[in-house]
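Undergrad: Here the protein sequences line up with chains U and P, keeping their order.
At position 88 of the first sequence the residue is numbered 88 (our numbering), and the sequence of numbers has no breaks.
At position 183 of the second sequence the residue is numbered 681 (our numbering), and the sequence of numbers has no breaks.
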Amino acid sequence: MAGASEKGLNALGVADIRDGLAAGDFTALEVTEASLAAAEAASDLNAFITLTPEIARERAKASDDRRAKGAALGPLDGMPVAVKDLFCTEGVLTTAASHILDGFVPAYESTVSGNLRDAGAVMIGKTNLDEFAMGSSNMTSYYAPVKNPWVGPNGEDLVPGGSSGGSATAVAAQICPAALGTDTGGSIRQPASLCGIVGMKPTYGRCSRWGIVAFASSLDQAGPFARSVKDAALMLGVMAGNDPKDTTSAPNAVPDFEAALAGGVKGLRVGIPAEYTMDGMPAEIQALWDQGAEWLKAQGAEIKQVSLPHTKYALPAYYIVAPAEASSNLARYDGVRYGLRVEGDTLDEMYANTRGEGFGAEVRRRVMIGTYVLSAGYYDAYYVKAQKVRTRILEDFTKAFQDVDVLLTPTAPNAAFPVGAKMDDPIAMYLNDVFTVPANLAGLPGISVPAGLDKDGLPLGLQLVGKPFDEATLFRCAQALEEAADFTALPKYLGGQG
Amino acid sequence: MSYIVQGDTGDWEVVIGLEVHAQVASKAKLFSGSPTAFGAEPNSQVSLVDAAMPGMLPVINAYCVEQAVKTGLGLNAQINKISVFERKNYFYADLPQGYQISQYLHPVVGEGIVTVDLADGTTRDIGIERLHMEQDAGKSMHDQDPKRSMIDLNRAGVCLMEIVTKPDIRSPEEAGAFVRKLRSILRYLGTCDGNMEQGSMRADVNVSVRKVGETEYRTRAEIKNVNSVRFIMQAIEIEAERQIEVHESGGEVVQETRLMDPNKGETRSMRAKEFAHDYRYFPDPDLLPLELTDDFIEGIRATLPELPDAKKQRFMDDMGLSAKDATTLVADRESAEYFEAVAAKHDAKKAANWVTNDLFGALNKAGLTIAESPISADHMAKLLTLMDDGTISGKIAKDVFEIMWETSDDPEKIVEDKGLKQITDTGAIEAAVDEIIAANPGQADEVRGGNDKAIGWFVGQVMKATQGKANPQQVNQLLRDKLKG
Numbered sequence: 001m002a003g004a005s006e007k008g009l010n011a012l013g014v015a016d017i018r019d020g021l022a023a024g025d026f027t028a029l030e031v032t033e034a035s036l037a038a039a040e041a042a043s044d045l046n047a048f049i050t051l052t053p054e055i056a057r058e059r060a061k062a063s064d065d066r067r068a069k070g071a072a073l074g075p076l077d078g079m080p081v082a083v084k085d086l087f088c089t090e091g092v093l094t095t096a097a098s099h100i101l102d103g104f105v106p107a108y109e110s111t112v113s114g115n116l117r118d119a120g121a122v123m124i125g126k127t128n129l130d131e132f133a134m135g136s137s138n139m140t141s142y143y144a145p146v147k148n149p150w151v152g153p154n155g156e157d158l159v160p161g162g163s164s165g166g167s168a169t170a171v172a173a174q175i176c177p178a179a180l181g182t183d184t185g186g187s188i189r190q191p192a193s194l195c196g197i198v199g200m201k202p203t204y205g206r207c208s209r210w211g212i213v214a215f216a217s218s219l220d221q222a223g224p225f226a227r228s229v230k231d232a233a234l235m236l237g238v239m240a241g242n243d244p245k246d247t248t249s250a251p252n253a254v255p256d257f258e259a260a261l262a263g264g265v266k267g268l269r270v271g272i273p274a275e276y277t278m279d280g281m282p283a284e285i286q287a288l289w290d291q292g293a294e295w296l297k298a299q300g301a302e303i304k305q306v307s308l309p310h311t312k313y314a315l316p317a318y319y320i321v322a323p324a325e326a327s328s329n330l331a332r333y334d335g336v337r338y339g340l341r342v343e344g345d346t347l348d349e350m351y352a353n354t355r356g357e358g359f360g361a362e363v364r365r366r367v368m369i370g371t372y373v374l375s376a377g378y379y380d381a382y383y384v385k386a387q388k389v390r391t392r393i394l395e396d397f398t399k400a401f402q403d404v405d406v407l408l409t410p411t412a413p414n415a416a417f418p419v420g421a422k423m424d425d426p427i428a429m430y431l432n433d434v435f436t437v438p439a440n441l442a443g444l445p446g447i448s449v450p451a452g453l454d455k456d457g458l459p460l461g462l463q464l465v466g467k468p469f470d471e472a473t474l475f476r477c478a479q480a481l482e483e484a485a486d487f488t489a490l491p492k493y494l495g496g497q498g
Numbered sequence: 499m500s501y502i503v504q505g506d507t508g509d510w511e512v513v514i515g516l517e518v519h520a521q522v523a524s525k526a527k528l529f530s531g532s533p534t535a536f537g538a539e540p541n542s543q544v545s546l547v548d549a550a551m552p553g554m555l556p557v558i559n560a561y562c563v564e565q566a567v568k569t570g571l572g573l574n575a576q577i578n579k580i581s582v583f584e585r586k587n588y589f590y591a592d593l594p595q596g597y598q599i600s601q602y603l604h605p606v607v608g609e610g611i612v613t614v615d616l617a618d619g620t621t622r623d624i625g626i627e628r629l630h631m632e633q634d635a636g637k638s639m640h641d642q643d644p645k646r647s648m649i650d651l652n653r654a655g656v657c658l659m660e661i662v663t664k665p666d667i668r669s670p671e672e673a674g675a676f677v678r679k680l681r682s683i684l685r686y687l688g689t690c691d692g693n694m695e696q697g698s699m700r701a702d703v704n705v706s707v708r709k710v711g712e713t714e715y716r717t718r719a720e721i722k723n724v725n726s727v728r729f730i731m732q733a734i735e736i737e738a739e740r741q742i743e744v745h746e747s748g749g750e751v752v753q754e755t756r757l758m759d760p761n762k763g764e765t766r767s768m769r770a771k772e773f774a775h776d777y778r779y780f781p782d783p784d785l786l787p788l789e790l791t792d793d794f795i796e797g798i799r800a801t802l803p804e805l806p807d808a809k810k811q812r813f814m815d816d817m818g819l820s821a822k823d824a825t826t827l828v829a830d831r832e833s834a835e836y837f838e839a840v841a842a843k844h845d846a847k848k849a850a851n852w853v854t855n856d857l858f859g860a861l862n863k864a865g866l867t868i869a870e871s872p873i874s875a876d877h878m879a880k881l882l883t884l885m886d887d888g889t890i891s892g893k894i895a896k897d898v899f900e901i902m903w904e905t906s907d908d909p910e911k912i913v914e915d916k917g918l919k920q921i922t923d924t925g926a927i928e929a930a931v932d933e934i935i936a937a938n939p940g941q942a943d944e945v946r947g948g949n950d951k952a953i954g955w956f957v958g959q960v961m962k963a964t965q966g967k968a969n970p971q972q973v974n975q976l977l978r979d980k981l982k983g
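1) Just the chain C side, please: which residues come within less than 7 Å of U/Lys245 by C-beta, in chain order?
2) What distance in whole Å lies between the Cβ atoms of U/Thr436 and U/Gly186, which are believed to be in contact at a cut-off of 8 Å?
3) Measure from the alpha carbon of P/Ala808 to the alpha carbon of each residue in P/Asp845, P/Ala738, P/Leu573, P/Val945, then state which is nearest.
4) As a quick exercise: from U/Asp334, U/Ser208, U/Gln174, U/Gly466, pick the residue whose alpha carbon is nearest that of U/Gly356.
5) Looking at P/Lys568: is its Cβ nearer than 7 Å to the Cβ of P/Leu684?
6) Looking at the C-beta of U/Trp150, does it have a partner C-beta in chain P at a distance below 7 Å?
7) DSSP beta-bridge partners for U/Pro224?
8) Where does U/Ile212 land, buried or exposed, given buried means 16+ other C-beta within 10 angstroms?
9) Residues in the stretch 207-231 of chain U with C-beta within 7 Å of chain P's C-beta atoms, listed in sequence order?
10) In terms of residues, what are the limits of the alpha helix (DSSP H) holding U/Leu29?
11) What's the C-alpha gap between P/Gly610 and P/Gly570?
12) Verify the CB distance criterion: does U/Leu494 have a CB-CB separation below 7 Å to chain P?
13) With DSSP collapsed to three states, give me the class of U/Lys147.
14) Going along chain P, which residues have a C-beta under 7 Å from U/Glu325?
15) Taking a Cβ distance cut-off of 7 Å, strictly less, list which residues of the stretch 587-605 of chain P are near chain U, in chain order.
16) Grouping DSSP H, G and I as helix and E and B as strand, with all else coil, what is P/Thr663?
17) From what residue to what residue does the beta strand (DSSP E) around P/Asp650 run?
18) Between the alpha carbons of P/Glu804 and U/Ala233, how many angstroms are there, rounded?
19) At a CB-CB cut-off below 9 Å, which residues of chain U make contact with P/Phe583?
20) Just reading off the alpha helix (DSSP H) that P/His745 is part of, what are its end residues?
21) How would you label U/Gln402, buried or exposed, when you count the other beta carbons within 10 angstroms and need 16 or more for buried?
22) Just confirm the distance between the C-beta atoms of P/Val752 and P/Val724, as a whole number of angstroms; I'd bet it's less than 8 Å.
23) Check whether the stretch 573-582 of chain P touches the stretch 614-625 of chain P, taking contact to mean three or more Cβ pairs, one atom from each stretch, closer than 8 Å.
24) Taking Cβ positions only, does U/Tyr319 come closer than 7 Å to chain P?
25) Please classify U/Asp243: is it buried, with 16 or more other beta-carbons within 10 angstroms of its beta-carbon, or exposed?
26) At the level of alpha carbons, what is the spacing between U/Thr184 and U/Pro202?
27) When you compare each of U/Glu483, U/Asn138, U/Val83, U/Asp102 to U/Gly114 by their alpha carbons, which one comes out closest?
28) Check whether the Cβ atoms of P/Ala850 and P/Asp823 sit closer than 7 Å, and answer yes or no.
29) In this structure, how does DSSP classify P/Met699 when only helix, strand and coil are distinguished?
30) Under DSSP, the beta strand (DSSP E) around P/Ala520 begins and ends at which residues?
31) May I ask you to list, following chain order, the residues of the stretch 564-581 of chain P that have a beta carbon less than 7 Å from some beta carbon of chain U?
32) Counting C-beta neighbours from all protein chains within 10 Å, is the total for P/Gly674 16 or more, i.e. buried, or is it exposed?
33) Is the Cβ-Cβ distance between U/Ala121 and U/Gly495 less than 7 Å?
34) Measuring straight from C-alpha to C-alpha, what distance separates U/Thr50 and U/Lys399?
35) Given a cut-off of 7 Å, decide if P/Ala834 and P/Val828 are closer than it, judged by their beta-carbon atoms.
36) Quick one: list the residues of chain U neighbouring P/Arg799, beta-carbon separation under 8 Å, in chain order.
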C-alpha cells in the first residue's frame, strides 16, 4: 500500500487504513501505536483529557486477532479514533471538561461510541472540549484550552474552535484519522473549519443521543471529524442508526454513504442564501464562498440564489433555546449522587457551593440565561417566541429546498483566532456560530469542508447544508467541493512528526 | 344534603376541589424499565435513568399510557389525542433530574364526570377537570442518621396519574364519597390498586368557604398529601372552620399550602417560603409529543370492564335489587364479583341478603375485606343451595354460616359431619309430634279450643326435640292435621 510507506501511518485516513489493514500492509496494533505515540508527542496541544492506551492496545490486538481469523467486522475494525469527552465511556473517566464531573466513571457506553466499539474501532482517548460543550474556542474547558495545530502569522497559539476542539485538533494534527464530536450550534463544523479538516453534523435524530452528556437536547447531535469527506462518510455509516433508548432518534434506514459519494454534482441545484452575506465579513471569506459556487458550477451544478429571510433571528433564538434546555439538563449536577460535592450546612448551601465551584463562568452564564428565559413572566416573551422563530427558520429551509438540493455557505465568519481572544465579549464569541446555528435549529445536516487559506495562511471552511436525512447528497456535493478545493496545506504541529 | 356551617355572621358553605395522585398499577416505571414493587430494599429498584446519570434519556412506557387512557375512559372523560410531557424544574435531593417530567398545558385526559353516591341514597355529579401523567419523586428520610438525610430512589420515576376535580364538591361527605368512588372505579379498571396506606393514592385538598348565596369563589388553601378518606373529610371540616373564623374576625385567608396534623386535629401552614416556587415548565425536548390514534383509544375502550354505575343499574333492573343493596354490592369490584358468583345459581335477592347482611356484617365486625373472607363465594353459593333444596332450614343455615366463618369448611361437609340435615322423613317427624301432643294435653286442648297461637308453641317444642332439624313447614302441617283436622 503506497500510503503507508510514503506518508507514514499517521498521515493515513480512514479509508487508507481500512484498505491497508485489509491488504495486510500493517496491523491495527501498529496503527494504534502510531496514534498513541503521536498523542504523546503532541501533548502540548492539550487535545486529550484522558488517553486510554491500555484499552487501545487491547482493542487493537483483538482486532488483529479477528482479522487473522478472517472475521474482521467492517470498515472501522482496527481504526484508531478519538472520542469527545462528552460521550460516556464505560470504565473511562468522563468529564464534559467540567470540574463538576470530577471522578465520574460511567458504568455504561454511549450508543454512538458503543457502535464504534462494536464495529472494532479503537478508542485512543477522550478529547478536550469547552465545558459541557458550551463555547466556540475551547477556552472554557476546566482542563485548560486546546491549541490549534495551526499557528498564527507571528507564531501565536490559536484556538481550535469549539466546542469539539480537542477532537478537531487530534484529527488535524494527524494523531488519529477520525474522531467523534457533537454539534449543538456548530461545535463540529466551526472547529473543523478552524482546523482545516472535514466535520459533519448529521440530521437531528440520525445518531442516538443516549449516553452523551446533554447540553441542549433538541439541538445536540453527534457527528464525525475526518480529513476527507469519504472518511467522514465511513465514520457516520457506523455511528448512525435508530436507538430504542433515544425516542428522538429516527427510524430511517442508514444508507451506504460511501457508495453514495459516486456520481458527481451534475444537475445538482445548489442554493446560495442571500442572508448569509454579513456586514463586516472578511472579503476573503466572501471570495472563498464565491469560489466554492464556481467550483460546483464548473462540475455541472446549477447555482441558484435563495432567500432564508429569518436567518438574522437564528442566533438570538439559539441563545434562548439552548441555554433554556441547558439550565434544566444541568440541574442533575447537584452534588448528591456523583461528581463533585462541596459540603454546606444545608441542602441549599451544598447545592450553591457545589454548583458555584463546579461550573465555570460560561456554564454559569448560560444556566442563568436559561433560568431567566423560562421564568414566569418571561417565558412567553423569550422561550415561546424563540420556538416560533425556530418554526419560521425551518419553514425558510423547507421552502428553499423546494428549489435546491443543498445550500452553500461559509462555515464561520473568521479563521482561528488567538488563544484568549474574545473571552471578554461573549457576543463576539457567539457570532462564531452565526452560519452554523440555523441548521441546528432546523435539525438539518451540515458539513464543513476545508476550502482554502486566509491571508495569514489559516484554513477556512465552506459549509453545505442538506435536506433532512439526505446526508448522502450532502456527502456527494462535499466531495465535489473537496476535489475542486484540493486542500493539501498542513498545520505546523503534526503529531506523527513529534 | 347541603353542608352548611353556621358562623357568627351567617351561614357558610364549603367549596372543595381535589387533586388525587394515583399510582398506575404497572410493573415498570413511567420512563424506565425499573420495577415498582412496594417495600423493596432502598435503592434496589433504580436504573441509570431514574438516578439521572449523565446522558440518560426517558423512554415512555406504553403500558402506563394505556392505563391513563383507560382511566380517562372510565371517568367518562375526553381523551386528548395529542399531549405533551413538560419538565417541572425544582431542586430537591430526592429529585435526581432536578426536574419532574409531568404534563402541564396539554394533559392526556380532559374533562369528565364521576357520579358519587351519598348516604341518603341520592347521587351527585362531580366534574373532572383533567388527568395527567407524571413521575413520582424519590423519598427523603431524615430519621435514619443524626446528621444526614438518606435518599431512597425506588419510587423515583414511578408513574402517577394526577386526577383533578372541578371545585364541585360541597361537603366532607361528598369529598369522601368522591374518593371512595374514584378508588372503586380505578380498582374496577385495574389501573391503580388504590391502597392509600401504601401511598398508591393520596390527595391534595383545595378548600375555600363562602357565604351561602355568594357566586364568586373566595381564596383557597391547599392541604397537601392527605392519605386517607377519613383524614380528607377531617381536613375539610377543620380547614373550613379555620377559614370561617379568619373571615369572621376580619382577617384574610392566604393562598398557601398547608399540612394536616391528624393528631392535633389542625392544619398548619407549611414552612413560609421566602419566594414562591417558579417551576419553569417547558416541553421536555427528550420526548416527542404523545400522539394517540383512534384505533389505540378504541382498542382500550373495547377492553373496559362493566363499571360500578352500570353494574348497579343492572343489579336493580335485571336482578330486582334495591338501590341500597346494589350500591353496597358494587362499591368494590371484589364484592360485586363475589355476589355475582353467589347469585348465578340462586335468587338474586336472597343472595344479596346473605352477602350484604350476614357476610358483610361479619366482615365489618372482624375488620376484614371481601378478599380476606374466610367464606368463599363457592361455599356461600353451596350454603344457599342447601337451603333451596330443603337439606337445611334457614335457621340451621345461620348456624352453618357461623361454622363456615370459623373453619372455612365446605357447608356440605359441615352439614354432614354435624348431622344437621333437615328431617323430612314424615314418619320420624310424626313420631315426635305425637310424643309432644301426648305429653302436653293442656296446651293441646287450648289449640283445639281455637287458640292458634299455641300452635307456635308446639312447633317450637318439636323443633327443639329434633335439634332444629325437622322441616318447620312439615311440623306445622302435621300439628294442624292432628289438633284441628
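All C-beta atoms in this analysis are idealised placements derived from N, C-alpha and C, irrespective of residue type, glycine included.
TA: Taking the structure as given:
1) Any reference to chain C falls outside this structure, whose protein chains are U and P.
2) As a first step, residue 186 of chain U must be located in the first sequence, where it is residue number 186. As a first step, residue 436 of chain U must be located in the first sequence, where it is residue number 436. Contact flag correct, Cβ pair sits at about 3 Å.
3) As a working note, residue 808 of chain P is residue 310 in the second sequence. For the residues P/Asp845, P/Ala738, P/Leu573, P/Val945, the minimum Cα distance to P/Ala808 belongs to P/Leu573.
4) Reading the first sequence from its first residue, position 356 is the one you call residue 356 of chain U. For the residues U/Asp334, U/Ser208, U/Gln174, U/Gly466, the minimum Cα distance to U/Gly356 belongs to U/Asp334.
5) Position 70 of the second sequence holds residue 568 of chain P. Position 186 of the second sequence holds residue 684 of chain P. Contact: no.
6) In the first sequence, residue 150 of chain U corresponds to position 150, counting from 1. No, its Cβ sits nowhere closer than 7 Å to a Cβ of chain P.
7) Reading the first sequence from its first residue, position 224 is the one you call residue 224 of chain U. For U/Pro224, which the question treats as bridged, DSSP gives the partners U/Leu180.
8) Within the first sequence, numbered from 1, the residue matching residue 212 of chain U stands at position 212. So U/Ile212 ends up on the buried side.
9) Arg209, Trp210, Gly211, Ile212, Val213, Ala214, Ser217, Ser218
10) Reading the first sequence from its first residue, position 29 is the one you call residue 29 of chain U. Counting along the chain, the alpha helix (DSSP H) containing U/Leu29 begins and ends at 28-41.
11) Residue 610 of chain P sits at position 112 when you count from the first residue of the second sequence. Residue 570 of chain P sits at position 72 when you count from the first residue of the second sequence. The straight-line gap from Cα to Cα measures roughly 8 Å.
12) To locate residue 494 of chain U, count along the first sequence from 1; it is residue 494. For U/Leu494, the answer is no, since every Cβ of chain P falls outside 7 Å of its Cβ.
13) Taking the first residue of the first sequence as 1, we reach residue 147 of chain U at position 147. The answer is coil: DSSP assigns U/Lys147 none of H, G, I, E or B.
14) To locate residue 325 of chain U, count along the first sequence from 1; it is residue 325. Pro783, listed in chain order.
15) Asn587, Phe589, Ala591, Pro594, Gln595, Gly596, Tyr597
16) The sequence position of residue 663 of chain P within the second sequence is 165, counting from 1. P/Thr663: strand per DSSP, three-state reduction.
17) Counting from one through the second sequence, the residue named residue 650 of chain P turns up at place 152. Per DSSP, P/Asp650 belongs to the beta strand (DSSP E) from 648-650.
18) In the second sequence, residue 804 of chain P corresponds to position 306, counting from 1. In the first sequence, residue 233 of chain U corresponds to position 233, counting from 1. Cα to Cα, P/Glu804 sits roughly 58 Å from U/Ala233.
19) In the second sequence, residue 583 of chain P corresponds to position 85, counting from 1. Here the premise fails: no neighbours, minimum Cβ distance about 11 Å.
20) By 1-based counting over the second sequence, the position of residue 745 of chain P is 247. Start and end: 727-746.
21) As a first step, residue 402 of chain U is located in the first sequence; it is residue number 402 there, counting from the start. Its Cβ having fewer than 16 others within 10 Å, U/Gln402 is exposed.
22) Sequence index remark: in the second sequence, residue 752 of chain P carries index 254 (1-based). Sequence index remark: in the second sequence, residue 724 of chain P carries index 226 (1-based). Contact flag wrong, Cβ pair sits at about 19 Å.
23) no
24) Counting from one through the first sequence, the residue named residue 319 of chain U turns up at place 319. No, because no Cβ of chain P sits closer than 7 Å to the Cβ of U/Tyr319.
25) Here residue 243 of chain U refers to the residue found at position 243 when the first sequence is read from its first residue. Looking at its Cβ environment, which holds 16 or more other Cβ atoms inside 10 Å, U/Asp243 is buried.
26) Position 184 of the first sequence, counted from the start, is the residue given in the question as residue 184 of chain U. Position 202 of the first sequence, counted from the start, is the residue given in the question as residue 202 of chain U. Cα to Cα, U/Thr184 sits roughly 11 Å from U/Pro202.
27) As a position in the first sequence, residue 114 of chain U is number 114, starting the count at 1. Among U/Glu483, U/Asn138, U/Val83, U/Asp102, the Cα nearest to that of U/Gly114 belongs to U/Val83.
28) As a first step, residue 850 of chain P is located in the second sequence; it is residue number 352 there, counting from the start. As a first step, residue 823 of chain P is located in the second sequence; it is residue number 325 there, counting from the start. Closer than 7 Å, so yes.
29) Position 201 of the second sequence, counted from the start, is the residue given in the question as residue 699 of chain P. Of the three classes helix, strand and coil, the one that applies to P/Met699 here is strand, per DSSP.
30) Here residue 520 of chain P refers to the residue found at position 22 of the second sequence. Segment 509-521, the beta strand (DSSP E) holding P/Ala520.
31) none
32) Here residue 674 of chain P is taken as the residue at index 176 of the second sequence, counted from 1. That one is buried.
33) Stepping through the first sequence from its first residue, residue 121 of chain U is reached at position 121. Stepping through the first sequence from its first residue, residue 495 of chain U is reached at position 495. No; because the gap between Cβ atoms is not below 7 Å, this pair is not in contact.
34) The residue given as residue 50 of chain U occupies position 50 in the first sequence. The residue given as residue 399 of chain U occupies position 399 in the first sequence. Cα to Cα, U/Thr50 sits roughly 45 Å from U/Lys399.
35) Numbered from 1 along the second sequence, position 330 holds the residue referred to as residue 828 of chain P. Numbered from 1 along the second sequence, position 336 holds the residue referred to as residue 834 of chain P. Result yes, Cβ atoms of P/Val828 and P/Ala834 sit closer than 7 Å.
36) Position 301 of the second sequence holds residue 799 of chain P. Neighbours of P/Arg799 on chain U: none; closest Cβ ~26 Å, over 8 Å.
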